[in-house]
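Heads up, the thing below is written out as C-alpha cells.
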Amino acid sequence: MEKKRILILGASGFIGNALYKELCPYFDTYGTYCNARRSFEDNKQFFRYDLDEDDVVQLLQKIRPHVIISALRGNFPAQVLAHQHMVEYVSENDCRLYFISSANVFDAYRKFPSYEYDKTFSDSIYGRFKIKIENMLMRLPVSKYGILRVPMVFGNTSPRVKEMKSFIWGNEPIEVFPNLVINVTNDDRLTQQVHYLINQDLGGIYHLGSKDLVHHDDFIREIVERIGSFNPIYKRVYTSNEERYLAVLPKDHLLPANLQTSFQDIIDHHVLK
C-alpha cells in the first residue's frame, strides 16, 4: 500500500517540527520552513515556503499530500488567504486538512471551560483570527478537516519553557496569573494524539489538552521547581477579581485512555525529561 503523504506547513516551528519528528518514520512526510534555512535546506523533504511571497497551491500540486497539517505562524491576513487556497484544494482533492487552533477561540468566555461544540467567542485579535480559519474549514465535509484546539503547550524545547529559563537565569520576574484556570499539554502528547487521528482517518473538532484543570501560577511554580533549585521572582498578574477559565476540555471526541493526559503527567513525565 502506498504510504500516506503528509505535508506539515510550519514544520520548522516548535509544534510543526515535533510533528515532523513523530510522523516521518511512519509516513512520507514533508515540511516547510521559512527563516531557519541552514537547518532545513539540505533536507530533501523540506521546502522553503514564505507566506507573504509564495502560493501554497503550487506546493500542494507538487507534493499532492493526502494530509495537510497547518502549524503556520506569521502575518494573519496572509495566513487567512493561504487557508482559503488550502480549503479550495482540499474540497477538490482526496485530502484532509488538520488545523492547529487554540484555546483562545474561547477567550471571551471566562466562567467555564469550553467543549468541542461550544460557540466560539474571542476578545483577542489572535482568537478571532483562529475563529475565522475554523469557520472556513467547517464549510467542508467533516471527513475533510480536523480542527485541533490546543491549550498552552510545554516541553523541553518549547518557547514557554525556554523563556522561563532565560528569566530565571537573568533574574527577571516570571509572570503568573493566580486567577487563571487552564489545562495544558506538551509536544510529546500532542504529536501522539495527532498521529492517532491521522492513522484512524478521523475528522471533526478535537480538544487536545489535559483532561483536568490547574491554576496557572501553581502549574508554573511546579515547572520551575523541575528546572532546578532557584529562587525565581514571580510577578502576579490579576486580570480580574474572579477566577477565569482558558481551557479546552474534550467531551464529544474522547481519545483512547493511553492518549489522554493530566496536568501532573505533563509536569512529572513529559516536560523536563
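Going by our numbering, the residue at position 91 of the sequence shown is 81; the numbering climbs one at a time, nothing skipped.
All C-beta atoms, glycine included, are put in the ideal place defined by N, C-alpha and C.
As the structure is a computational prediction, the values presented were derived from the model and not from experiment.
Considering only the alpha carbon of each residue, which of the options lies closest to residue i?
i	options	result
L245	R63, L180 and L49	L180
F157	K225, Q48 and I257	K225
R86	S114, R54, V70 and R63	R54
Q51	G199, D242 and L(-3)	L(-3)
E232	K109, H205 and H243	H205
K152	L249, F4, Y88 and D108	F4
F66	D108, Y116, F17 and I90	Y116
Applying the criterion that 16 or more other CB atoms from any shown protein chain within 10 Å of the CB defines a buried residue, is residue i buried or exposed?
i	result
A72	buried
A8	buried
A61	buried
A1	buried
S114	exposed
G145	buried
Q190	exposed
G218	exposed
T19	buried
G160	exposed
V184	buried
V47	exposed
E78	exposed
Excluding the 5 residues flanking residue i on each side, which residues of the same chain have their C-beta closer than 6 Å to its C-beta?
i	result
K263	Residue confidence for K263 is low, a pLDDT of 44 falling below 50, so the modelled location carries little weight; the figure read from the coordinates is stated next. Answer for K263: no residue qualifies.
S92	K120
I188	V57
K134	V80 and R86
K241	Y105
P168	D207 and R226
What's the C-alpha gap between residue i and residue j?
i	j	result
S112	T175	21 Å
Q74	S81	11 Å
F102	Q35	43 Å
P141	L239	9 Å
V143	I256	10 Å
E43	N25	13 Å
G194	S252	23 Å
G64	L127	19 Å
K201	G136	19 Å
M76	I123	11 Å
R314	V95	The requested residue 314 does not occur in the structure, where the chain is confined to residues -9 to 263.
D258	R216	8 Å
C14	S148	20 Å
G21	E162	36 Å
Return the first residue and the last residue of the beta strand (DSSP E) that residue i is part of.
i	result
E165	I164 to V166
S92	R86 to S92
V140	Y135 to V140
Y186	That residue, Y186, is in no beta strand (DSSP E); its alpha helix (DSSP H) goes D177 to N189.
Y224	Y224 to R226
Got a sec? Which residues, its chain only, sit under 8 Å from residue i by beta carbon, not counting five neighbours each side?
i	result
V214	M154, I158, I164, F220 and P222
T229	F167, N169 and L170
D40	C24
Along the chain, where does the alpha helix (DSSP H) containing residue i start, and where does it finish?
i	result
D208	H206 to I217
S156	P149 to W159
Y116	I115 to L127
F66	F66 to E82
V132	That residue, V132, is in no alpha helix (DSSP H); it is neither H nor E in DSSP.
For residue i, which residues in the same chain have their Cβ closer than 7 Å to its Cβ, ignoring the five residues on either side in sequence?
i	result
I210	I164 and V166
T110	V95, F96, I121 and E124
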